[in-house]
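Q:
Numbering (the UniProt record's numbering), first residue to last: 1 to 240.
#1: Please state if the CB of residue 166 and the CB of residue 201 are separated by a distance shorter than 9 Å.
#2: Would the beta-carbon of residue 207 fall within 9 Å of that of residue 91?
#3: DSSP three-state call for residue 209: helix, strand or coil?
#4: Based on Cα-Cα distance, which residue from 210, 218, 138 lies nearest to residue 118?
#5: In chain order, which continuous runs of the alpha helix (DSSP H) of length 4 or greater are located wholly inside the stretch 5-82?
#6: Measure the Cβ-Cβ separation of residue 50 and residue 96 and say whether it is below 9 Å.
#7: Using the Cα positions of residue 81 and residue 204, report the straight-line distance between them to the nearest angstrom.
#8: Looking at the structure shown, is residue 238 part of a helix, part of a strand, or coil, going by DSSP?
#9: Using 8 Å as the threshold, is the stretch 167-175 in touch with the stretch 134-150, meaning 3 or more CB pairs across them?
#10: By the three-class DSSP mapping on this structure, what secondary structure does residue 93 have?
#11: Applying the criterion that 16 or more other CB atoms from any shown protein chain within 10 Å of the CB defines a buried residue, is residue 244 buried or exposed?
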C-alpha cells in the first residue's frame, strides 16, 4: 500500500485537487475535515482527493451531525459521563473527533475508525497519524501534543463503548438477543452484564434530559435550574 505525507500545519499550501459546492461528508468517504479559511472547508477523502468545499466548517459539521442523527445534547451527556469537554461526533464504532477544542482556529477533525497508528514526532512534538484510505495510507501531521491526542481519542472510545453497551441492552430488552449471546462480559455472569448496561442506559437518558431542560431553562430565564428542580426531574424520570 502506498504512503503519502500530508502536513496539516500548513493547509494553505497543500495541493488542491478540486473546488466544489456540494460534498457530503460521510463516515466512509472522508478522512479529514478542517477549515481552509473562514468561508471554506478542506477535505481529505478516502480516495486521496484534497478538496475545497465552499461551505463553512461549522455548517459542514452541522450538516454531518444532522444527517447522522448525532444530537449535541446526547454528545454533551455522554462526554460529561466520561469527564471530557472536548467533544467529537461518535456513533458506536464510527468516530469523528477534533485534535483540540472546537473554538481553536487550528482544529482538525479526523475519522478515528480510519486511524492505523499515531506517534509524537521527536523534532517538533507534533503528532503524526497514519490514516488508512482506500488505496493508500496517509502520514498526516497535526499540531497537537500526543497527550492531548490520546486524551481526546480515549474519551471518544469510552463514549463509543457506552453507546454499544446501550445498544446491546436494547437488543436484549426488546427480545432481539438471548442473554447468552451478549458480547460484552466485563463481569462474571450475563445477569451482571445486562444490569450494568441497563444502568448505563439510564444514566445517559437522565444526563441527556437534564441537559436539554437546563439549556431551555437557561435560555428562557437566564439562569440554570436549581438542584432541587433537578432532583424533581430525576424523580419524574424514575417513576414507573
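Glycine is no exception: its CB is placed at the ideal position from the N, C-alpha and C atoms.
A: With the structure as the only source:
#1: Yes, the pair counts as a contact, with Cβ atoms nearer than the cut-off.
#2: Taking 9 Å as the Cβ cut-off, residue 207 and residue 91 do not qualify as a contacting pair.
#3: Three-state result, residue 209: helix.
#4: Checked all of 210, 218, 138; the closest Cα to residue 118 is 138.
#5: Counting only runs of 4 or more, we get 57-67, 72-82.
#6: Cβ distance not < 9 Å, so residue 50 and residue 96 don't count as in contact.
#7: So the alpha carbons of these two residues sit roughly 8 Å apart.
#8: Here residue 238 sits in coil by DSSP.
#9: No, the stretch 167-175 is not in contact with the stretch 134-150.
#10: Residue 93: coil per DSSP, three-state reduction.
#11: The requested residue 244 does not occur in the structure, where the chain is confined to residues 1 to 240.
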